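Have a look at the structure below before the remarks.
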């Protein structure tokens with residue numbers, strides 16, 4: 059099978075996957091016991107308001123009609139409006155508001171995990187069965203075993219009273235002062251001026267505030283560390299194994315025999331090859347970030363997509379839950395395809411099965 | 081900022097005076113309540129600059145800035161700074177005063193209200209006219225975005241004159257609201273409502289510029305509704321809308337051409353935080369000036385306060401975690417939180433047994449850290465028919481051991497119903513997501529364990545609770561009721577047994593989810609009869625006595641059948657750092673408080 | 050199992066030839082059992098009750114199916130549906146009965162000639178028929194009554210046995226008592242302080258469990274030395290490797306510690322769950338108050354021992370106002386936190402194991418089937434599993450629990466939602482396990498011996514069971530132990546959000562939730578300690594998984610994808 063046919067088949071296979079995922083979402087939310095109308099009206103609403111709202115939301119139509127409408131709307135990327143969380147506001151605009159927070163959090167949690175996990179893993183792999191290897195390996199495993207919700211609470215408690223734990227060094231006033239809880243400020247960069255060339259707008263004026271950026275990073279850091287904790291542990295373990303395997307492989311032996319210096323061997327041969335098995339591990343983290351951000355966002359008060367999803371699910375905001383799920387599904391499916399594709403490109407040994 | 085501070089204190093006195101005279105004159109047919117605007121000679125923003133003059137608050141998730149669409153107090157708090165109605169409760173106090181109305185004339189049949197409007201300006205510079213009110217009232221009644229149409233149309237609410245078409249929808253332009261001239265606005269009611277002026281203070285009745293949204297017939301609208309609900313807000317209030325970043329923050333700034341007292345501060349900023357720990361951390365960082373303290377971090381013994389003549393506790397609280405002393409205000413609210421039963425699904429013996437084991441004092445003191453007042457009757461003391469003294473007298477006859485757990489009496493009752501520990505009665509208590517109710521539920525479960533009632537606990541979001549209630553699926557549940565104006569009438573309609581019929585909900589019945597009509601008991605009959613007495617005596621003044629007696633009969637019936645177990649009346653508390661000078665709020669809740677008289681002194 | 054095949058003698062015969070070592074070992078077992086006979090019996094009663102409850106639940110299925118069908122399609126359809134459901138259930142039961150209880154084939158005994166596939170079906174039909182007859186006898190004739198009487202007599206007997214004293218019983222080493230003004234203790238074991246008495250009891254429990262383990266090991270050695278035909282099997286090497294794998298042994302020890310804690314929860318807890326958690330107002334104890342010795346219910350005492358920060362706190366290793374000792378302090382309701390957590394260990398392990406076993410069974414069955422048949426079966430399974438994987442797992446689990454809990458679905462009430470959670474985690478987790486073992490399963494299916502078995506005329510089911518399943522069992526063990534940690538964290542995370550196991554059943558995540566507001570106060574222990582337990586247990590399972598992997602296949606380095614994805618949710 060050629061590469062392109064494989065790719066095409068993979069795409070084709072993702073169609074039922076997306077449809078099935080959407081159907082599950084519809085069944086769960088709309089046929090469940092959660093009533094969006096009651097969520098809107100509140101305790102003092104009368105029947106008249108209820109009837110009217112049902113009509114407005116189209117809930118008086120037969121269920122199969124609602125199902126078809128839902129599927130068609132989603133698949134044509136007509137994401138609709140929120141019903142309950144912010145009535146009448148379009149899902150796109152909600153996404154524009156909430157998604158950057160989650161992306162910023164996700165970006166840092168991946169970056170921190172990579173920057174700490176991989177070096178530690180490589181270090182442990184280069185010094186196998188030493189005390190520091192054991193310490194790093196054990197630490198990584200325990201770190202990974204910590205439930206996010208618990209780790210988040212503990213980190214918050216420690217930072218809040220950092221003066222007591224770190225000899226008077228207060229986290230809140232360290233560097234830039236900030237709050238422990240809440241959104242990271244994302245307005246450190248903005249485009250102030252646009253010029254339009256034909257139909258394309260090009261930003262020309264750029265506003266950038268370094269101190270806001272620092273503040274923003276500091277704000278998101280504890281949450282990112284918690285969210286990335288599991289990934290960090292994974293990367294460490296895989297990194298360690300990968301280095302161990304490469305060191306024992308033939309070409310490193312050959313290089314040694316050729317009398318290359320250790321430094322060159324390590325940098326030129328070991329690390330480069332050890333990075334390959336880490337690639338899918340890192341792409342796989344997208345799943346973890348999407349699912350795990352609910353709890354981290356709730357505890358750290360970063361009201362991003364995870365928080366939005368949780369609220370929407372509990373309150374029966376169907377368009378919102380459906381749209382979020384749809385976007386998550388599309389995201390995961392495309393990452394999967396991309397990853398498989400990259401794999402076949404990078405490593406010709408992998409079959410197109 | 082000492083100068084402004086003085087001005088605002090003088091003003092406070094003035095407001096108090098006018099408040100005392102208001103209702104008296106309102107009853108006589110006309111009301112005049114005005115106060116001089118406080119005109120400061122300096123623009124505070126010029127003097128201070130930056131964020132120094134911003135009042136920082138914490139809020140929870142807001143849903144909408146459209147007054148007719150928002151139903152939550154979080155949005156309400158922001159809306160109240162931006163929009164204004166004809167009347168208001170200053171600082172959330174118990175007595176209503178004129179706001180955009182300069183003068184009210186009430187016709188002798190109590191059906192026509194004629195308002196003379198103040199000269200006021202919107203934030204965009206246009207003048208307020210009576211047409212704006214007609215437009216606003218029509219939107220409330222007719223717009224598909226209105227979540228509170230029943231407030232203007234419903235019989236137990238304002239009951240404004242209107243026509244309906246065959247489907248039961250309001251005919252456009254049929255409501256009894258009319259602009260006589262630019263500054264005279266008139267409404268006509270279907271039936272006399274002694275609380276009409278109180279009701280008009282609700283934020284859904286706020287003035288908005290005519291034609292700003294096109295969601296009713298005859299208007300195209302300057303803005304899309306979604307814009308109006310989240311990005312554009314134009315009112316006559318003391319603060320202009322700046323921005324709202326959903327689930328992050330909201331901000332308003334001082335409106336310099338405000339018709340009343342222009343704010344001393346530059347604006348108000350709300351950080352939106354849902355989590356209790358986050359909330360407290362934020363407050364302890366001194367990031368908020370005025371805030372509340374979650375129960376977990378609250379310590380009753382830190383309060384040093386005295387009761388004022390309105391029953392409010394005013395004083396100091398602290399020192400708190402960061403070493404500061406805080407100003408403290410605690411105000412009993414007109415609200416009742418309760419456990420209630422679906423009468424036909426739970427035998428009366430079981431209900432009474434639960435009443436026996438329930439110890440409100442322990443509940444309020446231990447679980448709620450004393451942040452409430454034990455509720456024995458449904459109606460809070462502040463709204464009790466015949467006054468608080470009458471209530472104290474009445475509760476002496478409480479049939480089920482006031483403030484004590486009597487497990488032996490409960491055991492006897494449960495046994496007489498044919499249940500014991502080996503064959504327990506299975507009962508599910510559904511609470512909404514509130515830590516306090518869950519704790520109370522666990523406590524009740526423990527006390528019933530072994531007596532022959534196996535209490536299962538279930539927690540559910542508010543929306544689901546309501547859905548289950550209307551389907552008659554709630555055996556035993558917790559909910560609360562808040563009075564929108566201080567009168568017994570507002571809570572009691574929901575107890576009329578015929579009105580508790582869940583099979584008619586949500587359309588034709590609007591009571592509590594009790595199904596009390598199915599209970600063939602003396603108490604149920606007594607409650608029905610009492611409600612009929614209430615309906616037979618609608619006159620605001622002359623009928624009061626008869627209605628009061630009927631309400632007390634209903635309270636008695638609730639006790640006898642134990643269909644509802646009132647738990648506590650909330651005490652709302654507000655804490656602020658001492659550089660803030662803010663007037664204590666009142667019994668209607670601090671979300672009604674407007675911040676134009678607040679001063680910051682840093 | 051497989052070595053028996055090339056041996057003519059059965060194990061029984063070999064023991065009969067040389068009974069001495071076996072008898073010695075058995076004697077030791079009897080002594081150990083006798084020491085804890087009472088607890089064992091009460092455990093049996095519990096298992097019996099659960100089984101009965103489960104059977105009752107299953108037995109009510111046909112009735113409810115009939116009702117729902119009859120209401121929509123009429124009574125005759127209802128009756129038909131009733132009959133069909135009964136047959137399906139009995140058919141499933143027949144497969145189990147056949148596997149567990151009937152070691153020979155009825156078809157061969159009856160001398161029926163047919164191809165293997167048909168034989169299998171006839172076999173099952175016969176067993177189902179027998180079960181139908183048995184069920185009819187029980188339901189319609191007095192035999193049912195007799196059976197009922199026999200069961201209840203048996204239950205009474207076992208219950209009597211369960212009242213016998215045991216060496217780990219609370220009565221023997223009691224930690225409940227009160228302190229006289231002169232400082233001495235009354236009512237506790239040997240007048241020791243409750244703290245020491247409790248510690249002693251815990252020590253006895255662990256010592257007893259340790260002896261059991263040692264004795265089981267000894268039993269294995271006896272078997273290997275005296276009764277096993279082969280001197281060496283590959284399994285010996287695996288076990289030796291595991292024994293020398295420190296990390297794996299650490300995991301094993303941690304897991305055993307928690308298992309013991311869960312199994313002996315009533316013994317290691319300072320108070321019983323019944324008295325302290327479930328019916329606190331029904332149980333009294335004595336303390337030394339202002340007027341000498343007084344008695345008070347646990348409930349009333351609890352309301353005085355709440356841990357809610359500030360001065361209202363009963364911390365770690367301390368006594369409350371009523372002379373009760375709390376090794377882990379109390380929770381926000383004033384209940385003993387150690388008791389809560391020990392019983393919580395039961396809950397977490399039961400849900401975790403149940404979910405993992407279900408997941409593993411589904412994944413193994415599918416892996417075997419897809420590897421054997423390939424083609425369309427494989428494709429359909431790929432689509433199904435990809436669809437489930439492409440939904441963010443934690444969000445899906447969250448949505449499902451919200452749905453079922455709020456619908457008051459009957460499943461949500463069993464074990465206060467525990468069963469529901471196990472089902473949800475199993476339903477959403479199997480694709481990951483299936484993916485992990487699909488490769489090995491495909492590899493086996495390509496082997497020559499599979500073709501040989503096919504051409505020999507062995508039925509597909511038998512081929513999969515006998516020749517393929519053992520090969521992937523090892524992989525399954527590794528991945529299952531790794532994903533178990535993920536389930537435990539997931540359940541705790543759900544409970545933390547309020548959609549997991551409901552009160553009063555103790556659950557670790559709920560303890561963290563209830564204590565989170567107090568983490569920065571003097572009552573920090575409520576949220577901190579359960580979290581540490583989760584970390585320990587999950588680390589233990591991961592380490593054990595690593596150990597087993599290295600023991601079974603020292604060359605492999607299994608990818609952690611499965612466990613990582615599962616663990617990320619919480």
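Chains as they are written, first to last, in my numbering: chain P, 59 to 411; chain R, 81 to 682; chain L, 50 to 619.
C-beta: ideal position from N, C-alpha, C; glycine also.
Small disclaimer: the values here were computed from a predicted structure and weren't measured.
Practice task
Check whether the Cβ of residue 230 of chain R lies closer than 6 Å to any heavy atom of the ligand PLP, and answer yes or no.
Solution key: Ligands displayed in this structure: none; no statement on the ligand PLP is therefore possible.
Practice task
Return the chain-ordered list of same chain residues with a C-beta closer than 6 Å to the C-beta of residue 427 of chain L, the five sequence neighbours on each side being excluded.
Solution key: Reading the third chain from its first residue, position 378 is the one you call residue 427 of chain L. So the qualifying residues of the chain are 419.
Practice task
Using a Cβ-Cβ cut-off of 7 Å, state whether residue 599 of chain L counts as contacting chain R.
Solution key: As a working note, residue 599 of chain L is residue 550 in the third chain. Not closer than 7 Å to any Cβ of chain R, the Cβ of residue 599 of chain L fails to qualify, so no.
Exercise for the section: Using a threshold of 7 Å, state whether the C-beta atoms of residue 409 of chain L and residue 517 of chain L are closer than that. Expected result: If you number the third chain from 1, residue 409 of chain L lands on position 360. If you number the third chain from 1, residue 517 of chain L lands on position 468. Against a cut-off of 7 Å, the Cβ pair of residue 517 of chain L and residue 409 of chain L comes out as no contact.
Practice task
Determine the direct distance from the alpha carbon of residue 492 of chain R to that of residue 471 of chain L, and round the result to whole angstroms.
Solution key: As a first step, residue 471 of chain L is located in the third chain; it is residue number 422 there, counting from the start. As a first step, residue 492 of chain R is located in the second chain; it is residue number 412 there, counting from the start. Straight-line Cα distance between these residues: approximately 40 Å.
Practice task
Would you tell me roughly how many angstroms separate the C-alpha atoms of residue 669 of chain L and residue 386 of chain L, rounded to the nearest one?
Solution key: Here chain L covers residues 50 to 619 and nothing more, so residue 669 of chain L does not appear.
Exercise for the section: Sort out for me which residues DSSP pairs residue 484 of chain L with in a bridge. Expected result: Translated into the one-based positions of the third chain, residue 484 of chain L becomes position 435. Answer is none; residue 484 of chain L lacks a bridge partner.
Exercise for the section: Mind listing the chain L neighbours of residue 681 of chain R? Cutoff is C-beta to C-beta under 7 Å, in chain order. Expected result: Counted from its first residue, the second chain places residue 681 of chain R at position 601. Residues of chain L passing the Cβ test: none, with the nearest at roughly 30 Å.
Problem - Neighbourhood of residue 372 of chain L by C-beta, 6 Å cutoff - its chain only, sequence neighbours within 5 removed - result: Numbered from 1 along the third chain, position 323 holds the residue referred to as residue 372 of chain L. Excluding sequence neighbours, residue 372 of chain L sits near 227, 228 and 336.
Practice task
Mark residue 225 of chain R as exposed unless 16 or more other C-beta atoms lie within 10 angstroms of its C-beta, in which case mark it buried.
Solution key: Here residue 225 of chain R refers to the residue found at position 145 when the second chain is read from its first residue. By the neighbour-count rule (16 or more Cβ atoms within 10 Å), residue 225 of chain R is buried.
Handout entry: Exposure label - residue 270 of chain L; buried when at least 16 CB within 10 Å
Key = Looking up residue 270 of chain L in the third chain gives position 221. Its Cβ having fewer than 16 others within 10 Å, residue 270 of chain L is exposed.
Exercise for the section: Quick one: list the residues of chain L neighbouring residue 204 of chain P, beta-carbon separation under 7 Å, in chain order. Expected result: Taking the first chain and counting its residues from 1, the one referred to as residue 204 of chain P is at position 146. The contacting residues are 584.
Handout entry: 3 or more residues per run - each beta strand (DSSP E) lying fully within the stretch 95–120 of chain L
Key = none
Practice task
Could you tell me the boundaries of the alpha helix (DSSP H) in which residue 360 of chain R lies?
Solution key: Stepping through the second chain from its first residue, residue 360 of chain R is reached at position 280. First-last of the alpha helix (DSSP H) with residue 360 of chain R: 356–364.
Practice task
Put residue 341 of chain L into one of helix, strand or coil per three-state DSSP.
Solution key: Walking along the third chain from the start, residue 341 of chain L turns up at place 292. Three-state result, residue 341 of chain L: strand.
Exercise for the section: Would you please verify whether the beta carbon of residue 538 of chain L is less than 7 Å from any beta carbon of chain P? Expected result: The residue labelled residue 538 of chain L in the question sits at position 489 within the third chain. Closer than 7 Å to some Cβ of chain P, the Cβ of residue 538 of chain L qualifies, so yes.
Handout entry: Proximity to residue 212 of chain L [Cα-Cα], best of L:161, L:84, L:598 and L:253
Key = The count along the third chain starts at 1 and reaches residue 212 of chain L at position 163. The shortest C-alpha separation from residue 212 of chain L is found at L:84.
Exercise for the section: Confirm, please, whether the CB-CB distance from residue 179 of chain R to residue 164 of chain R is below 7 Å. Expected result: Translated into the one-based positions of the second chain, residue 164 of chain R becomes position 84. Translated into the one-based positions of the second chain, residue 179 of chain R becomes position 99. Closer than 7 Å, so yes.
Practice task
Apply the 10 Å Cβ neighbour rule to residue 326 of chain P and answer buried if 16 or more other Cβ atoms are within range, or exposed otherwise.
Solution key: Stepping through the first chain from its first residue, residue 326 of chain P is reached at position 268. When all chains shown are included, residue 326 of chain P counts as exposed.
Exercise for the section: Please compile the residues from chain P whose C-beta is within a distance smaller than 9 Å of the C-beta of residue 577 of chain L. Expected result: If you number the third chain from 1, residue 577 of chain L lands on position 528. Those within 9 Å of residue 577 of chain L in chain P are 208, 211, 212 and 215.
Exercise for the section: Mind the definition here: the stretch 159–173 of chain R touches the stretch 368–378 of chain R only if three or more C-beta pairs lie below 8 Å; say whether that holds. Expected result: Verdict: no, contact absent.
Practice task
Report yes if the C-beta distance between residue 31 of chain P and residue 393 of chain P is below 7 Å; otherwise report no.
Solution key: Absent from the model: residue 31 of chain P. The displayed extent of chain P is 59 to 411, so no value can be given.
Problem - Beta-carbon proximity of residue 568 of chain R to residue 459 of chain R, cut-off 7 Å - result: By 1-based counting over the second chain, the position of residue 568 of chain R is 488. By 1-based counting over the second chain, the position of residue 459 of chain R is 379. In this structure, residue 459 of chain R lies closer than 7 Å to residue 568 of chain R by Cβ.
Problem - Neighbour flag for residue 348 of chain L against chain R, beta carbons, 7 Å - result: Within the third chain, numbered from 1, the residue matching residue 348 of chain L stands at position 299. Yes - at least one Cβ of chain R is within 7 Å of the one on residue 348 of chain L.
Exercise for the section: Could you tell me which of L:114, L:207, L:312 and L:353 sits nearest to residue 329 of chain L, measuring between CA atoms? Expected result: Here residue 329 of chain L refers to the residue found at position 280 when the third chain is read from its first residue. When each option's Cα is compared against that of residue 329 of chain L, the closest is L:353.
Exercise for the section: Assign residue 509 of chain L to one of three DSSP states: helix, strand, or coil. Expected result: Taking the first residue of the third chain as 1, we reach residue 509 of chain L at position 460. Helix, per DSSP.
Problem - Own chain partners of residue 423 of chain R with C-beta closer than 6 Å, once the 5 adjacent residues on each side are dropped - result: Position 343 of the second chain holds residue 423 of chain R. Cβ neighbours of residue 423 of chain R beyond the five flanking positions: 594, 595, 596, 599 and 643.
Exercise for the section: Would you verify that the beta carbon of residue 441 of chain L is, or is not, closer than 7 Å to some beta carbon of chain P? Expected result: Position 392 of the third chain, counted from the start, is the residue given in the question as residue 441 of chain L. True, the Cβ-Cβ gap to chain P drops below 7 Å.
Exercise for the section: With DSSP as the reference, label residue 369 of chain P as helix, strand or coil. Expected result: The count along the first chain starts at 1 and reaches residue 369 of chain P at position 311. Residue state, collapsed to three classes: helix.
Problem - Residues bridged to residue 323 of chain R (per DSSP) - result: Reading the second chain from its first residue, position 243 is the one you call residue 323 of chain R. For residue 323 of chain R, which the question treats as bridged, DSSP gives the partners R:331.
Practice task
Give me the Cα-Cα distance between residue 101 of chain P and residue 278 of chain R, rounded to the nearest whole angstrom.
Solution key: Start at 1 with the first residue of the first chain, and residue 101 of chain P comes out as number 43. Start at 1 with the first residue of the second chain, and residue 278 of chain R comes out as number 198. Confidence is the limiting factor: at residue 101 of chain P the pLDDT is only 47, short of 50, which leaves the residue's position unreliable and the question unanswerable from this model.
Handout entry: Selected residue, minimal CA-CA separation from residue 511 of chain L, among L:407, L:323 and L:417
Key = For the purposes of this step, residue 511 of chain L is identified with residue 462 of the third chain, where counting begins at 1. Checking every option, the nearest Cα to that of residue 511 of chain L belongs to L:417.
Practice task
Using beta-carbon positions only, say whether residue 326 of chain R and residue 202 of chain R come within less than 7 Å of one another.
Solution key: One-based indexing of the second chain puts residue 326 of chain R at position 246. One-based indexing of the second chain puts residue 202 of chain R at position 122. In this structure, residue 202 of chain R does not lie closer than 7 Å to residue 326 of chain R by Cβ.
Exercise for the section: Could you list the residues in the stretch 95–118 of chain L with a C-beta less than 9 Å from some C-beta on chain R, going in chain order? Expected result: none
Exercise for the section: Select from L:178, L:156 and L:179 the residue whose C-alpha is nearest the C-alpha of residue 168 of chain L. Expected result: Taking the first residue of the third chain as position 1, residue 168 of chain L is located at position 119. Here the closest residue by C-alpha is L:156.
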